[in-house]
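Step one of this worksheet: look at the structure below.
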Amino acid sequence: ATGAGVPQRRRSTSEIVRELKLLRASPLRFEEDDDLWTGGQNKPPPPDYPLERREQLEKLRLSRYRISMLLVRPAFEQAVSGCYARVNINGEDELPKFRIAEILGLEELDFGYKVDEIPTNMALRLRYEDVVALHEINDVSNLEFTNREFEFWQDNCINQAIDPPTTGLVARKKIELYNAMQCEAKALTVIRQNFVHTLKPTQKRGILERHGRAYPWRLKIVAPQIPKPQVTHPSVG
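Note that our numbering has the sequence shown beginning at 156, numbered continuously upward.
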């Protein structure tokens, strides 16, 4: 309530209109934490931290199965580059040895091979330890990184002065992989019809090795034992 005897001045219409015009011309200002009005547009981007735990790096891991699904879609190289894979670095006649490898890109081979039923001549250009090497997609495991492999990878990053991936890369690759999987896949019949490279024979491996594990011993094929023919001596008489 106003004090007694104090006259109240009525504001003129022109004065009110002038103030409304000034308010309309000036930008609206809200509190920094009012996401309902700002929509989060003025919020700073989240901080970019290096990955320090195996569970964090798992978010960038591509299994052989997932790579095969991306193989038949556009922008395959962009989708897989920057991700990581658990790859067998030993030859076909050796016990498997797995390393965490960064996918740097793709290269074409002079021959073809099959990933499940998909013919391809694309190889992954991988970086692990102190080398960059080409690997077929079939060298990639479907299993998660082990703690021992992660510790080896961390030590190697320090020794080679390699910057580890960051949380920002995880967020970006999540979007790229999602968009890539939304693209229509090429029909397998069309891929087979247009494939012109000679396919190399498929290497048969044990069931553990096909799933990315290693036997604790070297497999040996036992030759079948053929019974020796019995020699009969003629009776003397």
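Here a beta-carbon is modelled for each residue, glycine too, at the ideal position from N, C-alpha and C.
What you are looking at is a predicted structure, and each value in this text was computed from that prediction instead of being measured.
Nonlocal neighbours in the same chain, by C-beta distance under 8 Å from residue i, ignoring five residues either side
i	result
residue 339	228
residue 189	Note on residue 189: pLDDT 49, under 50, position unreliable in the model; the coordinate value appears next. Excluding positions up to five away in sequence, the list is empty.
residue 268	274, 275, 276, 291, 293, 354, 355, 357
residue 302	209
residue 347	274
residue 213	299, 300
Inter-residue spacing [alpha-carbon to alpha-carbon] between residue i and residue j
i	j	result
residue 283	residue 243	11 Å
residue 313	residue 205	13 Å
residue 330	residue 350	30 Å
residue 210	residue 298	13 Å
residue 323	residue 170	52 Å
residue 247	residue 218	20 Å
residue 270	residue 225	12 Å
residue 310	residue 332	28 Å
residue 342	residue 220	17 Å
residue 173	residue 201	42 Å
residue 250	residue 198	52 Å
residue 253	residue 317	19 Å
residue 258	residue 216	10 Å
residue 315	residue 266	33 Å
residue 327	residue 320	11 Å
7 Å Cβ shell around residue i - same chain, five flanking residues per side excluded
i	result
residue 264	276, 278
residue 255	239, 241, 283, 300, 304, 305, 308
residue 222	235, 292, 295
Residue i: first and last residue of the uninterrupted beta strand (DSSP E) it sits in
i	result
residue 291	It is not in any beta strand (DSSP E) - residue 291 carries neither H nor E in the DSSP assignment.
residue 257	253 to 270
residue 317	Here residue 317 belongs to no beta strand (DSSP E), and DSSP marks it neither H nor E.
residue 356	Unbroken run through residue 356: none, as it is neither H nor E.
residue 297	No beta strand (DSSP E) contains residue 297, which DSSP labels as neither H nor E.
residue 340	That residue, residue 340, is in no beta strand (DSSP E); it is neither H nor E in DSSP.
Extent of the continuous alpha helix (DSSP H) to which residue i belongs
i	result
residue 332	322 to 337
residue 343	343 to 349
Interface flag, residue i vs chain D, CB-CB below 7 Å
i	result
residue 349	No chain D appears in this structure, which consists of one protein chain only.
When the Cβ atoms of the stretch 230 to 238 are set against those of the stretch 285 to 294, are three or more pairs found closer than 8 Å?
-> no
Jot down the residue ranges of each uninterrupted beta strand (DSSP E) in the stretch 197 to 250, minimum 3 residues, whole runs only, in chain order.
-> 239 to 243
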